[in-house]
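So the sequences go chain by chain: C and S.
Position one of the first sequence corresponds to residue 1 (UniProt numbering), numbered consecutively onward.
Position one of the second sequence corresponds to residue 1 (UniProt numbering), numbered consecutively onward.
Data first, discussion second: the structure below is written as structure tokens.
Number of protein chains: 2
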Amino acid sequence: MDAEIVIRALAALAQEHRLAAYRLLVQAGPEGMAAGALSETLGVPASSMSFHLSQLANARLVQQQRQSRSIIYSADFAAMNALMAYMTENCCGGVPCTADTGCTPAAASPSSARKDVA
Amino acid sequence: MDAEIVIRALAALAQEHRLAAYRLLVQAGPEGMAAGALSETLGVPASSMSFHLSQLANARLVQQQRQSRSIIYSADFAAMNALMAYMTENCCGGVPCTADTGCTPAAASPSSARKDVA
DNA sequence: TCGATATTTCGATATTTATAGAATTATTGG
DNA sequence: CCAATAATTCTATAAATATCGAAATATCGA
Chain C
1 MDAEIVIRAL
11 AALAQEHRLA
21 AYRLLVQAGP
31 EGMAAGALSE
41 TLGVPASSMS
51 FHLSQLANAR
61 LVQQQRQSRS
71 IIYSADFAAM
81 NALMAYMTEN
91 CCGGVPCTAD
101 TGCTPAAASP
111 SSARKDVA
Chain S
1 MDAEIVIRAL
11 AALAQEHRLA
21 AYRLLVQAGP
31 EGMAAGALSE
41 TLGVPASSMS
51 FHLSQLANAR
61 LVQQQRQSRS
71 IIYSADFAAM
81 NALMAYMTEN
91 CCGGVPCTAD
101 TGCTPAAASP
111 SSARKDVA
């Protein structure tokens, strides 16, 4: 994964409606959701939703697949995992990440509070 | 972590220079790097770098701390972990995530062996 | 206090992005 | 083929963001 696609993915997620849509798709799992269902659930006009979905697709975060008249979108989990890996790559310069540094990807629970770092 | 701060964090990372700066800070570990060092390493004017660093700080992705004339920035790993957790929350609607669905958050661990994580 | 260093704030400009109605394209059922 | 449905592309406008030089703000050493 190169910087360019990573930036596109992050930019795609950095928007209220797209983040919400992406999360709905994550929760929907492999079955995905139709564009219209997303549009209606989120209260976003169809043309706007389409614009947002194309950003997500362009960033490879979601896949699309026609099913009759609908177009079903689904989250690409591999892309998300690659994104996370990219951002924490070579964490702490190779020094083993201890709980002390806090640099333990995915080890910390979301709310672990760590205040002062030397 | 609420949607608002998540979007700010994603937007902060969705920019060439800021993503590069953040990655340098991740690699630098708890010791961090001075604003000037980041500016010079990335070939970005000081005023621009300052603008970008304030975006990262505003999103709580980095911390800053004055050390004599320099201001040392360092990555906040807890914030990054929270970010990832938010995006994969309630993945597949609670159905156990198998390798088949690909929906296994944090399956890729950058540099350290993962002990058993719940 | 003065001069040098490190960084941030200001200001003006250029670029990118979001929005949503209208028109267009694709698919299905009768 | 036609009407209905589902989605996308087009178009215009509004809003947010990036850029970087110049000026301002801290801090230090002599």
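Glycine is no exception: its CB is placed at the ideal position from the N, C-alpha and C atoms.
Open item on the list: Within 7 Å of any Cβ in chain S, is that where the Cβ of G93 (chain C) sits?
Closed with: yes
Task: Short Cβ contact (7 Å threshold) for Q64 (chain S) with I71 (chain S) - done: yes
Task: Status (buried if at least 16 other CB within 10 Å, exposed otherwise) for V44 (chain S) - done: buried
Open item on the list: Taking the beta carbon of R23 (chain C) as the centre, do at least 16 other beta carbons fall within 10 Å, making it buried, or is it exposed?
Closed with: buried
- [ ] Give the residues of chain S in contact with E40 (chain C), contact being defined as C-beta atoms less than 7 Å apart.
- [x] None at all; the shortest Cβ gap to chain S is about 18 Å.
TODO: Using a Cβ-Cβ cut-off of 7 Å, state whether L53 (chain C) counts as contacting chain S.
DONE: no
- [ ] Using only alpha-carbon positions, find the residue among S:I5, S:E16 and S:E40 that is nearest to A9 (chain C).
- [x] S:E16
Open item on the list: Counting beta carbon pairs with one atom in the segment 29 to 47 of chain C and one in the segment 82 to 92 of chain C, are three or more of them shorter than 8 Å?
Closed with: no
- [ ] Compare the C-beta of L24 (chain C) against all C-beta atoms of chain S and say whether one is closer than 7 Å.
- [x] no
TODO: Mind listing the chain S neighbours of V62 (chain C)? Cutoff is C-beta to C-beta under 9 Å, in chain order.
DONE: Here the premise fails: no neighbours, minimum Cβ distance about 13 Å.
Open item on the list: Could you check whether the Cβ of L56 (chain S) sits closer than 7 Å to any Cβ belonging to chain C?
Closed with: no
- [ ] Since I believe I7 (chain S) is in contact with R60 (chain S) (beta carbons under 8 Å), could you give me their beta-carbon distance rounded to a whole number of angstroms?
- [x] Contact flag wrong, Cβ pair sits at about 12 Å.
TODO: Would you mind sorting A28 (chain S) into buried or exposed? The rule is 16 or more other CB atoms within 10 Å of its CB.
DONE: buried
- [ ] Starting from the Cα of G94 (chain C), find the closest Cα among S:F51, S:L25 and S:A35 and give me that residue.
- [x] S:L25
Task: Cβ neighbours of A20 (chain C) in the same chain (closer than 7 Å, five flanking residues each side left out) - done: L42
Open item on the list: Can you tell me whether S48 (chain S) is buried or exposed? The criterion is at least 16 other CB atoms within 10 Å of its CB, across all chains shown.
Closed with: exposed
Open item on the list: Helix, strand or coil for A79 (chain S)? Go by DSSP, reduced to three states.
Closed with: helix
TODO: Compare the C-beta of A14 (chain S) with all C-beta atoms of chain C and state if any pair is closer than 7 Å.
DONE: yes
Open item on the list: Taking the beta carbon of Q67 (chain C) as the centre, do at least 16 other beta carbons fall within 10 Å, making it buried, or is it exposed?
Closed with: exposed
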